[in-house]
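Undergrad:
Protein chains: 2
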Amino acid sequence: MTYGAIAELAKQWVEEAGDLLRESLSNQSLKIEEKTNASDLVTEMDRSIEAFFVEKIREHFPHHKIFGEEGTYDDITDMSGFIWIIDPIDGTLNYVKQKSNFCSMIALFEDGEGVVSFINDVINNDIYMGVKGHGVFRNDDQLKPIPDHSINEGLIAISTKMVTKETAITQELVNDTLGVRLIGSAGLEMIQVLTNRVSAYVTNELNAWDIAQGYMMATELGLSFTTREGKAVNLLTKNPIVVANPKAHQEIISKFMKE
Amino acid sequence: MTYGAIAELAKQWVEEAGDLLRESLSNQSLKIEEKTNASDLVTEMDRSIEAFFVEKIREHFPHHKIFGEEGTYDDITDMSGFIWIIDPIDGTLNYVKQKSNFCSMIALFEDGEGVVSFINDVINNDIYMGVKGHGVFRNDDQLKPIPDHSINEGLIAISTKMVTKETAITQELVNDTLGVRLIGSAGLEMIQVLTNRVSAYVTNELNAWDIAQGYMMATELGLSFTTREGKAVNLLTKNPIVVANPKAHQEIISKFMKE
């Protein structure tokens with residue numbers, strides 16, 4: 016099966032999951048639990064959307080491995096073979112508090128390289144799709160490459176708590192930009208970079224399911240996507256990420272390297 | 016003319032201005048100038064949309080005064096009589112860099128009290144309207160009152176630069192919330208509070224045209240809207256604003272009063 020054919024199939028799942036998520040917003044009695052703290056939530060919809068994707072993958076690709084935020088995963092100790100990475104709802108706090116500004120994401124990696132990826136901006140009904148060698152699309156429109164530009168010509172997505180808790184370098188970085196914008200969903204922040212609405216996204220440590228889908232798309236679009244030290248991302252562990260056009264990326268990495 | 020009749024008329028202007036703004040986004044050669052610095056921009060559309068509103072107001076209400084961001088204003092030394100307050104594009108930096116996340120706003124004040132107000136979320140094609148005594152609407156739907164709740168149960172909109180540059184109180188405030196979200200448009204941040212997507216919006220000093228429209232709507236919806244010291248807003252000068260439900264507002268004001 017070609018990557019394109021896998022993407023066609025997976026797009027149907029993503030659309031169906033989006034329908035379920037939009038319908039769920041009228042559910043007045045959604046079950047919500049705290050995970051690590053009051054801003055780290057999980058709902059019954061996180062679990063049921065993940066189960067939905069897992070069922071589809073098991074049905075069509077019984078030999079592929081699965082790595083999901085809500086705990087559905089095979090024993091994965093390296094990135095060899097085919098691995099699906101699922102974040103059923105990215106931005107669950109927004110899903111609960113805002114009923115918007117969340118997304119649903121899946122990606123397929125082959126031997127450590129992203130080959131198919133989806134980020135569904137559910138409320139705007141925009142499905143972003145990356146297919147290795149074919150580009151990145153918003154619905155039917157192919158995204159254009161981002162012109163290289165400096166961080167002082169653009170906006171940045173970065174967590175306020177990260178800026179206040181971390182070093183002077185992070186504050187200097189923020190002051191070098193035109194301003195901060197923050198949606199509160201890693202997937203949607205990455206979409207902002209992919210569509211050049213912000214010039215960079217800088218994070219503290221994120222898990223594979225938060226970043227794999229944007230990582231695939233950013234790479235396909237020619238953006239730089241590394242750890243804050245400029246190293247290759249390792250999806251088997253947590254990573255603090257910098258994603259940006261190559262020029263802005265280099266500027267940001269250089270700052271962090273001075274620390 | 017009743018407030019309702021004025022609102023019906025002004026809604027047509029707001030709709031027409033929204034059409035012009037959406038059309039302008041395909042203009043590849045938009046003229047952009049810096050005002051005070053690289054993140055404070057004005058475009059030819061700011062000026063032409065303001066001129067459009069001014070023309071409509073002068074035609075229908077020749078005796079009303081006008082106060083506009085782009086310099087169209089009568090000699091206003093007090094808030095007596097009828098005063099229109101215009102922000103043709105709120106979030107001009109987003110308009111230029113993101114082609115989204117901006118709004119267009121006008122409000123009418125009578126003897127210092129907001130009586131009619133519009134915030135047009137142009138890209139989402141959502142027009143928010145407040146009419147004194149009649150409530151606040153998103154298109155045809157009336158907004159519901161916000162349940163009183165604590166800042167630690169919600170998100171906050173606050174500028175990252177403000178958090179990094181100001182006192183420990185501001186950082187403590189941020190840490191008391193579930194997280195920060197920031198669109199980069201005062202009008203749209205206020206819409207987030209009015210629709211309970213964030214629980215509070217806290218600003219540094221803003222001008223009348225940035226806040227008057229949200230001030231009218233927040234008051235109509237029963238939210239608290241004051242300076243950071245808890246004092247009444249004075250639209251003849253700049254104000255650092257706190258807008259929130261009464262409980263969260265009191266918590267925030269109490270923090271700033273300790274400074």
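Sequences listed follow chains A and B, in order.
Here the first sequence is numbered in the numbering used here, starting from 16 and rising by one per residue.
Here the second sequence is numbered in the numbering used here, starting from 16 and rising by one per residue.
Using N, Cα and C, we set each Cβ at its ideal position, and we do this for glycine too.
Hey, would you say phenylalanine 67 of chain B sits closer than 8 Å to isoleucine 121 of chain B, going by beta carbons?
TA: The residue given as residue 67 of chain B occupies position 52 in the second sequence. The residue given as residue 121 of chain B occupies position 106 in the second sequence. Against a cut-off of 8 Å, the Cβ pair of isoleucine 121 of chain B and phenylalanine 67 of chain B comes out as no contact.
Undergrad: Of all Cβ atoms in chain A, is any one closer than 8 Å to the Cβ of leucine 238 of chain B?
TA: For this step, residue 238 of chain B is matched to residue 223 along the second sequence. It does not: the Cβ of leucine 238 of chain B has no partner Cβ on chain A nearer than 8 Å.
Undergrad: Going by DSSP, what residue range makes up the beta strand (DSSP E) through phenylalanine 152 of chain B?
TA: Reading the second sequence from its first residue, position 137 is the one you call residue 152 of chain B. Element bounds for phenylalanine 152 of chain B: 150-153.
Undergrad: Taking beta-carbon pairs under 7 Å, can you tell me which members of the segment 43-61 of chain A lie near chain B?
TA: Within the segment 43-61 of chain A, the qualifying residues are Ala53, Ser54.
Undergrad: Roughly how many angstroms lie between the CA atoms of asparagine 219 of chain B and aspartate 155 of chain A, to the nearest whole one?
TA: For the purposes of this step, residue 219 of chain B is taken as the residue at position 204 of the second sequence. For the purposes of this step, residue 155 of chain A is taken as the residue at position 140 of the first sequence. So the alpha carbons of these two residues sit roughly 42 Å apart.
Undergrad: Going by alpha carbons, who is nearest to threonine 175 of chain B out of B:Asn249, B:Val217, B:Val151?
TA: Numbered from its first residue, the second sequence carries residue 175 of chain B at position 160. Residue B:Val217 is the option with its Cα nearest to threonine 175 of chain B.
Undergrad: Check whether the segment 89-104 of chain B and the segment 117-133 of chain B are in contact - that is, three or more C-beta pairs closer than 8 Å.
TA: yes
Undergrad: When DSSP labels each residue in this structure, what does tyrosine 167 of chain A get in the three-state scheme?
TA: The residue labelled residue 167 of chain A in the question sits at position 152 within the first sequence. Correcting the residue type first, residue 167 of chain A is asparagine in the shown sequence and not tyrosine. In the structure shown, asparagine 167 of chain A sits in a helix (DSSP, three-state: H, G or I).
Undergrad: What does DSSP give as the partner residues of aspartate 141 of chain A in its beta bridges?
TA: Locating residue 141 of chain A in the first sequence gives position 126, counting from the first residue. For aspartate 141 of chain A, which the question treats as bridged, DSSP gives the partners A:Asp136.
Undergrad: Tell me which same chain residues have a C-beta within less than 6 Å of the C-beta of lysine 270 of chain B, skipping the five on either side of it?
TA: On the second sequence, residue 270 of chain B is found 255 positions in, with the first residue counted as 1. Closer than 6 Å at the Cβ level, and outside the excluded window around lysine 270 of chain B, lie Ile184, Leu188.
Undergrad: Kindly indicate which residue of A:Gln228, A:Ser44, A:Gly33 has the alpha-carbon position closest to the one of valine 137 of chain A.
TA: Position 122 of the first sequence, counting from 1, holds the residue named residue 137 of chain A. Of the candidates A:Gln228, A:Ser44, A:Gly33, the one whose C-alpha sits nearest the C-alpha of valine 137 of chain A is A:Gly33.
Undergrad: I'd like to know whether the C-beta atoms of valine 130 of chain B and alanine 25 of chain B end up nearer to each other than 8 Å.
TA: Taking the second sequence and counting its residues from 1, one reaches residue 130 of chain B at position 115. Taking the second sequence and counting its residues from 1, one reaches residue 25 of chain B at position 10. Cβ atoms of valine 130 of chain B and alanine 25 of chain B: not closer than 8 Å.
Undergrad: Is the CB of serine 115 of chain A under 8 Å away from at least one CB in chain B?
TA: Taking the first sequence and counting its residues from 1, one reaches residue 115 of chain A at position 100. Yes, because at least one Cβ of chain B sits closer than 8 Å to the Cβ of serine 115 of chain A.
Undergrad: Output, in chain order, the set of chain B residues within a Cβ distance shorter than 9 Å of valine 189 of chain A.
TA: Mapped onto the first sequence, residue 189 of chain A falls at position 174. Within chain B, the residues near valine 189 of chain A are Thr175, Lys176, Thr179.
Undergrad: Does the pairing of the segment 249-259 of chain B with the segment 224-239 of chain B give three or more beta-carbon distances under 8 Å?
TA: yes
Undergrad: How is the beta strand (DSSP E) around glutamate 84 of chain A delimited, first residue to last?
TA: Here the question's residue 84 of chain A lines up with position 69 in the first sequence. No beta strand (DSSP E) holds glutamate 84 of chain A; DSSP gives it neither H nor E.
Undergrad: So, with DSSP's three-state summary, where would you put asparagine 8 of chain A?
TA: Since the displayed chain A opens at 16 and closes at 274, residue 8 of chain A lies outside it and no answer follows.
Undergrad: Between the segment 144-158 of chain A and chain B, which residues of the former have a C-beta closer than 8 Å to a C-beta of the latter?
TA: none
Undergrad: For arginine 37 of chain A, collect the residues of the same chain with a Cβ closer than 7 Å to its Cβ; drop the 5 residues on either side in sequence, then sort them by chain order.
TA: Mapped onto the first sequence, residue 37 of chain A falls at position 22. Answer for arginine 37 of chain A: Val137, listed in chain order.
Undergrad: In terms of residues, what are the limits of the alpha helix (DSSP H) holding aspartate 34 of chain B?
TA: Mapped onto the second sequence, residue 34 of chain B falls at position 19. Where aspartate 34 of chain B is concerned, the enclosing alpha helix (DSSP H) stretches over 18-39.
Undergrad: What does isoleucine 198 of chain B touch in chain A if you count any residue whose Cβ is under 8 Å from its own?
TA: Taking the second sequence and counting its residues from 1, one reaches residue 198 of chain B at position 183. Chain A residues near isoleucine 198 of chain B: Arg196.
Undergrad: Please classify alanine 247 of chain B as buried or exposed, where buried requires at least 16 neighbouring CB atoms within 10 angstroms.
TA: As a position in the second sequence, residue 247 of chain B is number 232, starting the count at 1. It counts as exposed.
Undergrad: Which residue wins for smallest C-alpha separation from glutamine 207 of chain B, given the options B:Asn222, B:Leu193, B:Thr182, B:Ala233?
TA: Translated into positions along the second sequence, residue 207 of chain B becomes position 192. Selected option, being the one with the closest Cα: B:Ala233.
Undergrad: Would you kindly work out how many angstroms separate the C-alpha atoms of tyrosine 168 of chain B and lysine 112 of chain A, rounded to a whole number?
TA: Residue mapping note: residue 168 of chain B aligns to position 153 of the second sequence, counting from 1. Residue mapping note: residue 112 of chain A aligns to position 97 of the first sequence, counting from 1. According to the sequence shown, residue 168 of chain B is glutamate rather than tyrosine. Approximately 9 Å between the Cα atoms of the pair.
Undergrad: What residues in the segment 109-143 of chain B have a beta carbon less than 9 Å from any beta carbon of chain A?
TA: Within the segment 109-143 of chain B, the residues whose Cβ lies closer than 9 Å to some Cβ of chain A are Asn109, Lys112, Gln113, Lys114, Ser115, Asn116, Asn139, listed in chain order.
Undergrad: Would you call the CB atoms of leucine 203 of chain A and glycine 86 of chain A closer than 8 Å?
TA: Position 188 of the first sequence, counted from the start, is the residue given in the question as residue 203 of chain A. Position 71 of the first sequence, counted from the start, is the residue given in the question as residue 86 of chain A. Contact: no.
Undergrad: Short of 7 Å in beta carbon distance, which residues of its chain neighbour serine 115 of chain A, apart from the five on each side in sequence? Order them along the chain.
TA: As a first step, residue 115 of chain A must be located in the first sequence, where it is residue number 100. Asn109, Ile138.
Undergrad: Taking all protein chains shown into account, decide if proline 103 of chain A is buried (16 or more other Cβ within 10 angstroms of its Cβ) or exposed.
TA: By 1-based counting over the first sequence, the position of residue 103 of chain A is 88. Classification for proline 103 of chain A: buried.
Undergrad: Can you find the residues in the same chain that come closer than 7 Å, C-beta to C-beta, to alanine 223 of chain A, ignoring five residues on each side of it along the sequence?
TA: Sequence index remark: in the first sequence, residue 223 of chain A carries index 208 (1-based). The answer, listed in chain order, is Phe82, Ile100, Leu250.
Undergrad: By the three-class DSSP mapping on this structure, what secondary structure does leucine 108 of chain A have?
TA: Position 93 of the first sequence holds residue 108 of chain A. It is helical.
Undergrad: For asparagine 254 of chain A, does the three-state DSSP call read helix, strand or coil?
TA: Numbered from its first residue, the first sequence carries residue 254 of chain A at position 239. Correct three-state label for asparagine 254 of chain A: strand.
Undergrad: Once you ignore the five residues that flank aspartate 199 of chain A on each side, which residues in its own chain have a CB closer than 7 Å to its CB?
TA: Mapped onto the first sequence, residue 199 of chain A falls at position 184. According to the sequence shown, residue 199 of chain A is glycine rather than aspartate. These residues qualify, in order along the chain: Gly106, Leu108, Asn109, Asn116.
Undergrad: With C-beta atoms as the reference, is alanine 201 of chain B less than 8 Å away from isoleucine 226 of chain B?
TA: As a first step, residue 201 of chain B must be located in the second sequence, where it is residue number 186. As a first step, residue 226 of chain B must be located in the second sequence, where it is residue number 211. Contact: yes.
Undergrad: Considering just the uninterrupted stretch of the beta strand (DSSP E) at glutamate 49 of chain B, what are its terminal residues?
TA: Walking along the second sequence from the start, residue 49 of chain B turns up at place 34. Note, glutamate 49 of chain B: beta strand (DSSP E), 47-49.
Undergrad: Ignore the nearest five residues each way along the sequence and tell me which others in isoleucine 47 of chain A's own chain have a CB closer than 7 Å to its CB.
TA: Looking up residue 47 of chain A in the first sequence gives position 32. Once the five neighbours on either side are set aside, the close Cβ partners of isoleucine 47 of chain A are Leu56, Thr58, Val111.
Undergrad: Just tell me which of B:Asn190, B:Thr179, B:Leu40, B:Phe152 has its CA closest to the CA of leucine 209 of chain B.
TA: To locate residue 209 of chain B, count along the second sequence from 1; it is residue 194. If we check each option's Cα against that of leucine 209 of chain B, B:Phe152 comes out closest.
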